[in-house]
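Visitor:
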Amino acid sequence: MVRFEFLIKDPAGLLPEAAGKLVKEAIHCTSKVRIRKGEKSGDAKLIFHVLSLSAKAGDTLELLVEGEKEQEEAARLKEFAEANM
C-alpha cells in the first residue's frame, strides 16, 4: 500500500468540479484507491465519497493506493493532486 498526503489549496475548498477530476483520475487506476480526512474515509472513485469529506482550504487529505500497480498509480495521483487541488 502506498500512502501520500496533499493539501487543499483552493480558497473555496474541494469543490465538485475539482472532486470530479480527482475521481476521474482515480477511476483510471486498477488499484483500490481510498481517500481520507481525519477519521472519515471513502472510495476515491466515487464522487459522493470524496465530497462527503467536506474538505476546506488548508485541509490535508490522504490517498491510499493498493494494488499491483500501486507505485506507478500513486505517483500519477500524487502529481495530479499537487497540481490541481
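Our numbering puts the sequence shown at residues 47 to 131. Just so you know, even glycine gets a beta-carbon here, dropped at the ideal spot from N, CA and C.
#1: With respect to the alpha helix (DSSP H) encompassing Lys-67, which residues constitute its N-terminal and C-terminal limits?
#2: List the whole-angstrom C-beta distance separating Leu-97 from Pro-62, where the pair is believed to meet the contact cut-off of C-beta under 8 Å.
#3: Distance, Cα to Cα, Ala-103 vs Leu-68?
#4: How is Leu-109 classed by DSSP in three states: helix, strand or coil?
#5: Go ahead and pull the three-state DSSP assignment for Leu-99.
Guide: On the basis of the coordinates in this document:
#1: Within the sequence shown, the letter at position 21 stands for residue 67. Segment 62-73, the alpha helix (DSSP H) holding Lys-67.
#2: Within the sequence shown, residue 97 is the residue found at index 51, counting from 1. Within the sequence shown, residue 62 is the residue found at index 16, counting from 1. So it is a contact: roughly 6 Å between Cβ atoms.
#3: Translated into positions along the sequence shown, residue 103 becomes position 57. Translated into positions along the sequence shown, residue 68 becomes position 22. About 16 Å.
#4: Along the sequence shown, read from residue 1 onward, the residue named residue 109 stands at position 63. The answer is strand: DSSP assigns Leu-109 an E or B state.
#5: Mapped onto the sequence shown, residue 99 falls at position 53. Residue state, collapsed to three classes: coil.
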